[in-house]
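Numbering (this note's numbering), first residue to last: 224 to 377.
Backbone N, C-alpha and C define an ideal beta-carbon position, used for all residues, glycine too.
Down below is the structure, laid out as structure tokens.
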Amino acid sequence: MPANRVASATPATPATTANASRPREAVPLAEDPVLEARLIEIAQELRCMVCQNESLASSHAELAEDLRREVRELMKEGKTNDEVRDFLVERYGDFVLYRPGVKPLTWVLWFGPFLLLLLALTVLARLLRARRQASPPPALTEAQRERAQSLLKD
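Now the structure itself:
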């Protein structure tokens, strides 16, 4: 490998470093700030289907951008937040919601952790009760005690 290899195609000059550190003005997301506030509010309640652990509001995935654009269009058409949520749930299922409603399909999600905790506490209580009720080990006979003493002395 040659020692004089070029590290960068664009040299760092005062002009390029000054532009990089200069703050830029934020680009408005929509013409209507009220609509954009509604979009952000609802997008924070929705899951990005690509990232899955990120909200639709904070995701940079292409699908998230498309969904935000679609939500914005639905809102411009006059749809309410609930209608937009229902549209996305119909399309992607309850998984798109960070807080899905309590219904038979989501009972395990809502009540499963409590049932598992209750089961674990029940098992623990039974084990402790069985341990308490177990008879103590029989006492050593004199011969066993003498044998143990002789083994310990060796």
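Measuring alpha carbon to alpha carbon, tell me which residue in LEU258, ALA284, LEU311 is nearest GLU268.
Nearest option by C-alpha distance: LEU311.
First through last residue of the alpha helix (DSSP H) which encompasses PHE334:
If you look at PHE334, you'll find it in the alpha helix (DSSP H) that goes 330 to 356.
Extent of the continuous alpha helix (DSSP H) to which TYR315 belongs
Segment 304 to 315, the alpha helix (DSSP H) holding TYR315.
Grab the span of the alpha helix (DSSP H) containing VAL257 for me, first residue to last.
Segment 256 to 266, the alpha helix (DSSP H) holding VAL257.
Anyone know if the C-beta pair for ALA260 and CYS271 falls short of 9 Å?
No, they are not a contact pair.
Would DSSP call SER373 helix, strand or coil?
Shown here, SER373 sits in a helix according to DSSP, grouped into three states.
Where VAL294 falls, given that 16 or more other Cβ within 10 Å makes a residue buried:
Per the 10 Å Cβ criterion, buried.
Simplified DSSP assignment, three categories, for ARG291:
ARG291 falls in the helix class under three-state DSSP.
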